[in-house]
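**Q**
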DNA sequence: CACGATTCAGTTGTGCACAACTCAATCGCG
DNA sequence: CGCGATTGAGTTGTGCACAACTGAATCGTG
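Residue numbers (the numbering used here), protein chains in the order written: chain A, 1 to 161; chain B, 1001 to 1161.
As C-alpha cells, this is what we get:
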C-alpha cells in the first residue's frame, strides 16, 4: 500500500464530494455568468471559446481547434455549423488535404470581436477578482487538467494501486 | 471608472481565453477521470454526485438535492429516474406535502456505497495531489462559485460599468 | 503501383445543463 | 372560507460532451 493511510475511506468520500462539487459548480457558475454576458452577442459559452481561438489565429482546421480546446469533432462539427449559420464563420475543405476542413472568421465574425472586447472586462469587474488571482487560479487549474489528462486509465481500475 | 485600466481590452480577451479554457478543460478532465473510475459502478459523474449527497443524508427531497448540488428539477428529474431504474434510489411523494418527492437510497444503493469507497482514493493516488492542495483548490473554487452566483445579471449588461 | 493502416470530419445515440413551460398542491391574505 | 400567488416536480426543446461509428482521403510499406 503506497497510499498513505492518513484518512479513512469515509473521510475521502466526504472530501471527494466537496472537491467534485466545487469544480463542477464553479465551472457551471462561470458558464452561467458568461451565458448572461454573451446573450447580446448571440453566442453560447463554448461558441465563445471557439471564436476566441479563431480570433487569435484567423483560421484553423477543425483538428487545430480541437487540440486547443480539447474537443473532438463530435462536439465541434455541429457547433461550427451553428457558427456558420450565424454568419460568424466559414468552412471549406482544405485544397492540400481533402480530409481537412478549415474554419475561417468572416467579416461579421471580425465585427463580433469588437463587440466581444467588453465582455471579459465586465465580468472581471463583476467578480471583483484581480488579474493576479485569476492568473494564479488559471495556472493551478491548467496543471490539474494536464495531470488528469495524463492519467493512464489503467491506474483507475479497482485492481491497481 | 472603478476598473483599473492596467490592461488593454485585447489583453483582457487573451487572458479570458486562458482562464475560461482552463476552468472548462479542468472540469471536463475531472469528469473524464471519474467517468473511467465510475465505469465499474455504472454511474455517470453527475449521478455519482447525487449519490454522494444521498449517502450522506439517507434521503432528501428533490429540492434538497438541487440546493446542495446547484441543480434544478429539469436536470434532476430524469437523472433520478435513471438512478431509480438502476435500482439505487427510490422515489415517493411526500405525505405531508404532495408536491414534494423524496429520493431514498435503496439497499442496492447502500451496497454501491461500499464499492464507491475506493474511487476517490484511487483518483487521489493517480493525480498525485495531496489532500492539502486539493482542499485549498476546493476553497478557492467554492469562493469563486459563490461570488459568480451572487452577481446581479444587470452588472453584465453592456451599459453598466 | 497496390493495399492495408491511419487520419480527419461528420453522424448517431446517450446523458447532462438549463430555459421556459405545465400542472397540481399549498400558502396567504382578505 | 375563497381565491390568487407561490412552490415543487416534471416535460420539452436546445446545445454541449463524448463514445462509437462511418466514409473518404491520405500515408506507408512492400
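All residues carry an ideal CB built from backbone N, CA and C; glycine is no exception.
When you compare only the Cα positions, how much space is there between residue 114 of chain A and residue 52 of chain A?
**A** Rounded to whole angstroms, residue 114 of chain A to residue 52 of chain A spans 12 angstroms at the Cα level.
**Q** Label residue 1073 of chain B either buried or exposed according to how many other C-beta atoms from any shown protein chain fall within 10 Å of its C-beta, with 16 as the threshold for buried.
**A** When all chains shown are included, residue 1073 of chain B counts as exposed.
**Q** Distance, Cα to Cα, residue 101 of chain A vs residue 77 of chain A?
**A** Each residue's Cα considered, the two are about 10 angstroms apart.
**Q** Run through chain A and tell me which residues come within less than 7 angstroms of residue 1018 of chain B, C-beta to C-beta.
**A** Neighbours of residue 1018 of chain B on chain A, chain order: 138.
**Q** Pairing CB atoms from the region 125-144 of chain A with CB atoms from the region 82-102 of chain A, are three or more of them under 8 angstroms?
**A** They do not touch, by the three-pair rule.
**Q** Check whether the Cβ of residue 1045 of chain B lies closer than 9 angstroms to any Cβ atom in chain A.
**A** Yes, contact with chain A.
**Q** Mind pulling the chain B residues with CB within less than 7 angstroms of residue 40 of chain A?
**A** By Cβ distance, chain B contributes 1158.
**Q** Check the DSSP bridge columns for residue 1052 of chain B and list the partner residues they point to.
**A** Its beta-bridge partners do not exist; DSSP assigns none.
**Q** Taking the alpha-carbon positions, what's the residue 1044 of chain B to residue 41 of chain A distance?
**A** Going by the C-alpha atoms only, they are around 33 angstroms apart.
**Q** What is the DSSP secondary structure of residue 1002 of chain B, counted as helix, strand or coil?
**A** In this prediction, residue 1002 of chain B scores a pLDDT of 42, lower than 50, which makes its location untrustworthy; no coordinate-derived value is stated.
**Q** Can you tell me the Cα-Cα spacing of residue 154 of chain A and residue 1154 of chain B, whole angstroms?
**A** Using only the alpha carbons, I get a separation of about 48 angstroms.
**Q** Once DSSP output is grouped into helix, strand and coil, what is the label at residue 1137 of chain B?
**A** Three-state result, residue 1137 of chain B: helix.
**Q** Hey, residue 120 of chain A and residue 1013 of chain B are a contact pair by Cβ (cut 8 angstroms); roughly how many whole angstroms apart?
**A** Contact holds; Cβ gap of about 6 angstroms.
**Q** Going by Cα to Cα distance, which pick from A/123, A/94, A/86 and A/98 is closest to residue 107 of chain A?
**A** Ranking the options by Cα distance to residue 107 of chain A, first place goes to A/86.
**Q** Hey, residue 1057 of chain B and residue 1064 of chain B: beta-carbon distance below 9 angstroms or not?
**A** Against a cut-off of 9 angstroms, the Cβ pair of residue 1064 of chain B and residue 1057 of chain B comes out as a contact.
**Q** Taking all protein chains shown into account, decide if residue 1144 of chain B is buried (16 or more other Cβ within 10 angstroms of its Cβ) or exposed.
**A** By the 10 Å Cβ count, residue 1144 of chain B comes out buried.
**Q** Below 8 angstroms on the Cβ atoms is my contact criterion, and I expect residue 156 of chain A with residue 1134 of chain B to pass it. Report the Cβ-Cβ distance as a whole number of Å.
**A** 17 angstroms between Cβ atoms; not a contact.
**Q** Where are the beta strand (DSSP E) runs, 3 residues long or more, that stay fully inside the region 16-75 of chain A, in chain order?
**A** Taking only runs of at least 3 residues, the beta strand (DSSP E) segments lying wholly in the region 16-75 of chain A are 59-61.
**Q** Using a Cβ-Cβ cut-off of 9 angstroms, state whether residue 72 of chain A counts as contacting chain B.
**A** It does not; no Cβ of chain B falls within 9 angstroms.
**Q** Would residue 65 of chain A count as contacting chain B if we go by Cβ distances under 9 angstroms?
**A** Not closer than 9 angstroms to any Cβ of chain B, the Cβ of residue 65 of chain A fails to qualify, so no.
**Q** Would you identify the three-state DSSP class for residue 1103 of chain B, choosing helix, strand or coil?
**A** Reduced to three states, the DSSP call for residue 1103 of chain B is strand.
**Q** I'd like to know whether the C-beta of residue 1153 of chain B is nearer than 9 angstroms to at least one C-beta of chain A.
**A** Yes, because at least one Cβ of chain A sits closer than 9 angstroms to the Cβ of residue 1153 of chain B.
**Q** Can you list, in chain order, the residues of its chain whose CB lies under 8 angstroms from that of residue 29 of chain A, leaving out five sequence neighbours each side?
**A** Once the five neighbours on either side are set aside, residue 29 of chain A has no close Cβ partner at all.
**Q** Are residue 69 of chain A and residue 1025 of chain B close, meaning C-beta to C-beta below 9 angstroms?
**A** It is a contact, given that the beta carbons lie within the stated cut-off.
**Q** Using the beta-carbon of each residue, which ones in chain A are nearer than 8 angstroms to residue 1109 of chain B?
**A** By Cβ distance, chain A contributes nothing, its closest Cβ being about 14 angstroms from residue 1109 of chain B, past 8 angstroms.
**Q** Taking residue 1122 of chain B as part of the alpha helix (DSSP H), name the residues at either end of that continuous run.
**A** Element bounds for residue 1122 of chain B: 1118-1127.
**Q** Measure from the C-beta of residue 142 of chain A to each C-beta in chain B and report whether the shortest distance is under 9 angstroms.
**A** It does: the Cβ of residue 142 of chain A has a partner Cβ on chain B nearer than 9 angstroms.
**Q** On the premise that residue 47 of chain A lies in contact with residue 15 of chain A, defined as a C-beta separation below 8 angstroms, what is that separation, rounded to the nearest angstrom?
**A** At roughly 35 angstroms, the Cβ-Cβ gap does not stay under 8 angstroms, so residue 15 of chain A and residue 47 of chain A are not in contact.
**Q** Could you tell me whether the Cβ of residue 32 of chain A comes closer than 9 angstroms to any Cβ of chain B?
**A** Closer than 9 angstroms to some Cβ of chain B, the Cβ of residue 32 of chain A qualifies, so yes.
**Q** Helix, strand or coil for residue 157 of chain A, going by three-state DSSP, please let me know.
**A** Correct three-state label for residue 157 of chain A: coil.
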